[in-house]
Amino acid sequence: MPLDDRLKRILYRARHRGMQETDHLLGGFAERRLGELSPVQIDRFEELLDQSDNDLFDWITEKRPAPAAFDHDVLALLQSFARGS
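Just so you know, the sequence shown maps onto residues 80 to 164 in the working numbering.
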């Protein structure tokens, strides 16, 4: 699958999660930063999209620590985005 198609699919998934707060955080982040991510970071972001909205929201807003497998640079970028930094 060409990368452009993959990025479009990821952007759609980030915007249409089901939980409004998560749609806003992930969709906004993807709109602004997806094109800047490395291929490895895109893989990590896509893995995060496979997680539940409630878990993602708690990890991104730092209400709960993320499991080690998801505590990586992309989550840190999402957390910084959520803080407005």
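Every residue, glycine too, gets a C-beta built ideally from N, C-alpha and C. Note that the coordinates shown come from a computational prediction; the quantities given were computed from them, not determined experimentally.
How big is the Cα-Cα spacing for residue i and residue j?
{"i": "GLY107", "j": "ALA148", "result": "23 Å"}
{"i": "GLU165", "j": "LEU90", "result": "Here the chain covers residues 80 to 164 and nothing more, so residue 165 does not appear."}
How is residue i classed by DSSP in three states: helix, strand or coil?
{"i": "HIS103", "result": "helix"}
{"i": "ALA159", "result": "Inspection of the sequence shows that residue 159 is occupied by Ser rather than by Ala. Three-state DSSP puts SER159 in a helix."}
{"i": "LEU127", "result": "helix"}
{"i": "ASP150", "result": "coil"}
Please state whether the Cβ-Cβ distance between residue i and residue j is less than 8 Å.
{"i": "ASP132", "j": "ARG96", "result": "yes"}
{"i": "LEU104", "j": "ALA155", "result": "no"}
{"i": "ASP137", "j": "ARG143", "result": "yes"}
{"i": "ILE139", "j": "LEU128", "result": "no"}
{"i": "ASP102", "j": "ARG112", "result": "no"}
Select from the options the residue whose C-alpha is nearest the C-alpha of residue i.
{"i": "PHE124", "options": "ASP152, GLU141 and THR140", "result": "ASP152"}
{"i": "PRO118", "options": "ARG85, SER159, GLY163 and LEU128", "result": "ARG85"}
{"i": "GLU126", "options": "MET98, ARG92 and ASP102", "result": "ARG92"}
{"i": "MET98", "options": "LYS87, GLU141, GLN130 and ILE121", "result": "GLN130"}
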